């Protein structure tokens with residue numbers, strides 16, 4: 003099995019099985035032991051399969067002589083934070099992010115709290131065909147439970163405000179996607195003084211991401227009609243993605259929040275704030291608006307791990323995907339919905355502005371983003387399609403096109419952005435050529 007764009011992911015009865023996880027834990031354990039790691043911390047989201055896969059991974063790592071620390075249901079960025087907190091520790095998250103409960107996945111973090119390198123992924127892949135051969139009894143790892151994991155993470159999130167911001171007299175609706183943040187985000191906000199309205203914060207193992215606003219943006223308008231609040235914060239199942247809305251249900255994407263956090267850091271004259279990192283999906287209008295403020299936009303490949311790597315290479319602070327993965331390296335090496343929320347609210351306060359005004363600064367180019375099933379993903383790499391795509395780009399000035407294979411599903415994601423506005427026709431032509 004090969005790593006996708008965000009680890010391994012798939013159905014738990016066919017792909018991400020206990021047998022696979024036992025094998026993965028053992029061989030990964032042997033490999034990281036040779037690199038100086040002596041323990042792993044394992045976190046998971048709220049899927050019913052999480053306990054089954056956690057036990058299998060735990061057995062695999064222990065049989066390789068690696069100690070295991072179990073953090074329980076906890077958001078992905080909390081595992082990133084805790085991994086970087088302890089020396090000699092590797093991070094493991096059991097989650098399929100925005101997928102439904104039938105799927106699950108595994109992703110890894112290195113000792114710095116960052117996604118592991120492509121090179122290490124290849125090494126692990128090459129070992130997975132081998133047999134599990136446990137170490138002798140005296141060398142077996144041990145298992146521990148970290149009961150305070152959630153509390154430690156909450157305290158760290160609060161510390162990013164440096165005691166300069168209170169949410170007293172602020173009402174926030176939290177759509178927790180019935181996922182890993184179902185308890186963390188409401189508790190964090192309440193401890194900062196906010197009144198919290200909980201929606202989708204009652205996981206049962208099967209309802210993760212069901213009818214969540216992160217996946218269905220029409221929910222924001224529904225919430226605005228049903229409830230009275232100042233902000234609505236929607237997170238995804240594993241808690242590394244944020245979409246924000248105001249009291250009217252207007253949606254503010256990762257692009258909007260990237261712009262807000264960029265000008266906030268620039269306002270504070272922080273080192274590493276003269277440029278930010280987006281992806282090929284980041285709207286060109288964001289780049290234009292940032293240029294007005296004297297801030298450059300660098301583009302990474304799609305995927306938060308690629309954003310993280312470019313941030314490190316260029317010594318920059320903030321990067322984001324349009325979907326809401328927001329990395330702020332002065333606080334976290336991972337996309338973190340909770341820290342992104344707190345810093346966005348703080349930025350609005352310090353800059354004395356509103357989300358609507360921030361969005362108004364950006365003249366978005368017309369764009370369309372669509373995912374469709376393609377059983378033969380190899381079609382995207384065929385020479386005739388690449389030539390067709392190149393010709394299409396030449397024939398349409400001021401147009402950006404991204405055609406990307408999903409790393410976890412048989413899907414192709416196509417983004418067309420054009421100042422000329424003919425995005426639908428271009429998309430249809432691309433689909434006709436592929437299907």
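Numbering (my numbering), first residue to last: 3 to 437. Glycine included, every Cβ here is placed at the ideal spot set by N, Cα and C. Remember, it's a predicted structure, so these values are computed and weren't measured experimentally.
Checklist entry - So residue 208 packs on residue 50, CB below 8 Å; how close in whole Å? => result Residue mapping note: residue 208 aligns to position 206 of the chain shown, counting from 1. Residue mapping note: residue 50 aligns to position 48 of the chain shown, counting from 1. Confirmed, Cβ separation roughly 6 Å.
Checklist entry - For residue 307, which option in 52, 286, 279, 344 has the closest C-alpha, if you only look at C-alpha atoms? => result Translated into the one-based positions of the chain shown, residue 307 becomes position 305. That would be 279, whose Cα lies nearest to the Cα of residue 307.
Checklist entry - Hey, residue 361 and residue 222: beta-carbon distance below 8 Å or not? => result Counting from one through the chain shown, the residue named residue 361 turns up at place 359. Counting from one through the chain shown, the residue named residue 222 turns up at place 220. Contact: no.
Checklist entry - For residue 174, which option in 364, 201, 318, 234 has the closest C-alpha, if you only look at C-alpha atoms? => result The residue given as residue 174 occupies position 172 in the chain shown. Out of 364, 201, 318, 234, 234 has the C-alpha closest to the C-alpha of residue 174.
Item to check | Bridge partners - residue 322, DSSP secondary structure assignment | outcome: By one-based count along the chain shown, residue 322 stands at place 320. 328.
Checklist entry - Quick one: complete beta strand (DSSP E) runs, 3+ long, within the segment 129-158? => result 145-147
Item to check | Every unbroken alpha helix (DSSP H) within the segment 145-231, with a cutoff of 4 residues, ordered by chain | outcome: 151-161, 186-193, 220-228
Checklist entry - Given residue 7, which residues of its chain have a CB within under 6 Å of its CB, disregarding the five upstream and five downstream residues? => result Your numbering for residue 7 matches position 5 in the chain shown. Excluding sequence neighbours, residue 7 sits near 305, 409.
Checklist entry - Given 8 Å as the limit, is there contact between the segment 38-54 and the segment 71-81, that is, 3 or more CB pairs closer than that? => result yes
Next on the checklist: Tell me the DSSP secondary structure of residue 101 in three-state form.
Outcome noted: Counting from 1 along the chain shown, the entry for residue 101 is found at position 99. Note: residue 101 maps to coil in three-state DSSP.
Next on the checklist: Taking the straight line between their C-alpha atoms, what separation do you get for residue 206 and residue 332?
Outcome noted: One-based indexing of the chain shown puts residue 206 at position 204. One-based indexing of the chain shown puts residue 332 at position 330. When rounded, the distance between both Cα atoms is 35 Å.
Checklist entry - Is the distance from the Cβ of residue 218 to the Cβ of residue 180 below 8 Å? => result By 1-based counting over the chain shown, the position of residue 218 is 216. By 1-based counting over the chain shown, the position of residue 180 is 178. No, they are not a contact pair.
Checklist entry - Just checking my contact of residue 83 with residue 27 at CB under 8 Å: how many whole Å lie between their CB atoms? => result Mapped onto the chain shown, residue 83 falls at position 81. Mapped onto the chain shown, residue 27 falls at position 25. The pair is not a contact, with the Cβ atoms about 22 Å apart (cut-off 8 Å).
Next on the checklist: Need the endpoints of the beta strand (DSSP E) that residue 298 sits in, please.
Outcome noted: Numbered from its first residue, the chain shown carries residue 298 at position 296. Start and end: 298-302.
Checklist entry - Between the segment 267-285 and the segment 232-252, do three or more beta carbon pairs fall short of 8 Å? => result no
Checklist entry - Given that a residue counts as buried once 16 or more other Cβ atoms are within 10 Å of its Cβ, and exposed if not, what is residue 164? => result Here residue 164 is taken as the residue at index 162 of the chain shown, counted from 1. Residue 164 is exposed by the Cβ-count criterion.
Checklist entry - Secondary structure at residue 417, three-state DSSP: helix, strand or coil? => result For this step, residue 417 is matched to residue 415 along the chain shown. Looking at residue 417 - three-state DSSP - the assignment turns out to be strand.
Item to check | Meets three-Cβ-pair contact criterion under 8 Å: the segment 128-148 and the segment 96-104 | outcome: no
Checklist entry - Are residue 373 and residue 282 closer than 8 Å when you measure CB to CB? => result As a first step, residue 373 must be located in the chain shown, where it is residue number 371. As a first step, residue 282 must be located in the chain shown, where it is residue number 280. Not closer than 8 Å, so no.
Item to check | Residue of 204, 68, 88 minimising C-alpha distance to residue 138 | outcome: Translated into the one-based positions of the chain shown, residue 138 becomes position 136. Nearest of 204, 68, 88 to residue 138, Cα basis: 68.
Checklist entry - Just the Cα atoms here: how many angstroms apart are residue 366 and residue 327? => result What you label residue 366 is simply residue 364 of the chain shown in a count that begins at 1. What you label residue 327 is simply residue 325 of the chain shown in a count that begins at 1. Taking the straight line joining both Cα atoms gives about 19 Å.
Checklist entry - In terms of residues, what are the limits of the beta strand (DSSP E) holding residue 372? => result Translated into the one-based positions of the chain shown, residue 372 becomes position 370. Residue 372 -> beta strand (DSSP E) spans 369-375.
Next on the checklist: Could you give the first and the last residue of the continuous beta strand (DSSP E) run that contains residue 280?
Outcome noted: On the chain shown, residue 280 is found 278 positions in, with the first residue counted as 1. Residue 280 -> beta strand (DSSP E) spans 277-281.
Checklist entry - Do you know whose CA, among 347, 337, 22, lies nearest residue 439's CA? => result This structure leaves residue 439 out entirely; the chain is present only between 3 and 437.
Next on the checklist: What does DSSP give as the partner residue(s) for residue 247 in the beta ladder?
Outcome noted: Within the chain shown, the letter at position 245 stands for residue 247. DSSP, once it has assigned bridges, lists 234, 253 as partnering residue 247.
Checklist entry - Nearest to residue 33 by CA position, among 9, 123, 393, is which residue? => result Your numbering for residue 33 matches position 31 in the chain shown. Measuring from the Cα of residue 33, the nearest candidate turns out to be 123.
Next on the checklist: Given this structure, state the Cα-to-Cα distance separating residue 135 from residue 65, to the nearest angstrom.
Outcome noted: Translated into positions along the chain shown, residue 135 becomes position 133. Translated into positions along the chain shown, residue 65 becomes position 63. For residue 135 and residue 65, the distance between alpha carbons rounds to 8 Å.
Next on the checklist: Classify residue 352: buried if its beta carbon has 16 or more other beta carbons within 10 angstroms, exposed otherwise.
Outcome noted: Residue 352 sits at position 350 when you count from the first residue of the chain shown. When all chains shown are included, residue 352 counts as exposed.
Item to check | Three-state class that DSSP yields for residue 25 in the structure shown | outcome: Position 23 of the chain shown, counting from 1, holds the residue named residue 25. Looking at residue 25 - three-state DSSP - the assignment turns out to be helix.
Checklist entry - For residue 169, which residues from the same chain have a beta carbon less than 8 Å from its beta carbon, with the 5 sequence-adjacent residues on both sides left out? => result Indexing the chain shown from 1 puts residue 169 at position 167. If we look at residue 169 and ignore the five residues flanking it on each side, its Cβ neighbours are 191, 194, 195, 196, 347.
Next on the checklist: I'd like the span of the beta strand (DSSP E) that includes residue 91, first residue to last.
Outcome noted: Walking along the chain shown from the start, residue 91 turns up at place 89. Note, residue 91: beta strand (DSSP E), 91-96.
Next on the checklist: Just to check my reading of the structure: residue 376 and residue 436 have Cβ atoms closer than 8 Å, yes? What is that Cβ distance to the nearest angstrom?
Outcome noted: What you label residue 376 is simply residue 374 of the chain shown in a count that begins at 1. What you label residue 436 is simply residue 434 of the chain shown in a count that begins at 1. At roughly 6 Å, the Cβ-Cβ gap stays under 8 Å, so residue 376 and residue 436 are in contact.
Next on the checklist: Rounded to whole angstroms, what is the Cα-Cα separation between residue 140 and residue 119?
Outcome noted: Numbered from its first residue, the chain shown carries residue 140 at position 138. Numbered from its first residue, the chain shown carries residue 119 at position 117. Taking the straight line from one Cα to the other gives about 32 Å.
Checklist entry - Do you know how far the Cα of residue 20 is from the Cα of residue 434? => result Your numbering for residue 434 matches position 432 in the chain shown. Your numbering for residue 20 matches position 18 in the chain shown. Cα to Cα, residue 434 sits roughly 40 Å from residue 20.
Checklist entry - Excluding five sequence neighbours on each side, which residues of the same chain lie with their C-beta closer than 8 Å to the C-beta of residue 57? => result Counting from 1 along the chain shown, the entry for residue 57 is found at position 55. Closer than 8 Å at the Cβ level, and outside the excluded window around residue 57, lie 20.
Item to check | For residue 67, three-class secondary structure by DSSP | outcome: For this step, residue 67 is matched to residue 65 along the chain shown. It is coil, neither helix nor strand.
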